[in-house]
Amino acid sequence: MAASDINSDAAIRSNFSGSAADIHMAFVKYNQGIKVIVVSLRRHGYSLEKINKTLDLKISDDSLRQWMNLYHQTRDVVCNPAFYVQRGRPLAFLREESEFFLAALDDNPTMYLDEIQSHIKAITGTRHPLSTISAELRIRLHLTRKIARTVHPAQSEDQRAKYFEEIGPFPSSYFVFVDKCVLLSRNHIRNCA
């Protein structure tokens, strides 16, 4: 370690009066090009303070240390994504089940989550929660969440205008109004996903 590094570390520590546990650094994402320049300048003997002044940045000592360690280990300043550790617990679905999702939604794009759930249970014997199926669709398959809700014609101005355009020429005595028993209840009961 160079003398300038020790002096800059001492200056950083003297400006901070709290304990090391009180330090909370915010995560800053730096471009790969910036990292290459910083590591190159550091290898040519520039101090962190001089690098920050030259590039008009506020790179922390920890970030520089991580970049230098990574450079010494791999000769690169960015980790290969293939070597990243998987975060969180693994998803509950196999590749075949994910392919089933896509095939089923291609055949019937209006399929509800509970219908997908019952099909998966019939195929695999496993009953997955609706929240897990929804997360699978959104996170891994990159599909947006579907909200199962029909739009009443009175709620849509376009549908209302189309209705009046089709019905307008006929006199009201030609119409026969029916009660609720004629409606398909499946379309009107399901108002939430």
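Heads up, the sequence shown is in the numbering used here, so the first residue is 6 and it goes up one at a time.
Each residue gets a CB set at the ideal place from its N, CA and C atoms; glycine is no exception.
These numbers come from a predicted model, not from an experiment.
**Asked** Helix or strand or just coil, what does DSSP make of Y117?
**Response** coil
**Prompt:** In terms of residue numbering, what span does the alpha helix (DSSP H) encompassing A166 cover?
**Reply:** E162 to I172
**Asked** Start and end of the alpha helix (DSSP H) containing E141?
**Response** Unbroken run through E141: none, as it is neither H nor E.
**Prompt:** Nearest to L69 by alpha carbon, out of K34, A87, P114 and T137?
**Reply:** K34
**Asked** What span of residues does the alpha helix (DSSP H) with V44 cover, start to end?
**Response** Q37 to R48
**Message:** On the DSSP letters alone, give me the boundaries of the alpha helix (DSSP H) that I64 sits inside.
**Reply:** No alpha helix (DSSP H) contains I64, which DSSP labels as neither H nor E.
**Item:** Short Cβ contact (9 Å threshold) for F105 with R145
**Value:** no
**Request:** For R143, count neighbouring C-beta atoms within 10 Å of its own C-beta (all shown protein chains included) and say buried if the count is 16 or more, exposed if not.
**Result:** exposed
**Asked** Would you say R145 faces chain D, with C-beta separation under 9 Å as the test?
**Response** In the structure shown, chain D cannot be found, because there is only a single protein chain.
**Message:** Mapping the DSSP letters down to three states, classify K55 as helix, strand or coil.
**Reply:** helix
**Item:** Proximal residues to R47 (C-beta, below 7 Å), its chain only, five neighbours per side dropped
**Value:** I56, L69 and M73
**Prompt:** If you compare alpha carbons, which of H49, D67 and G50 is closest to F32?
**Reply:** D67
**Request:** Kindly list the residues whose CB is nearer than 7 Å to the CB of I138, restricted to its own chain and excluding five residues on each side of it in sequence; keep chain order.
**Result:** L118, I121 and Q122
**Prompt:** If you run the structure through DSSP and keep just helix, strand and coil, what is T137?
**Reply:** helix
**Asked** By Cβ distance, which residues of its chain are closer than 7 Å to L110, with the 5 residues on each side in sequence left out?
**Response** M116
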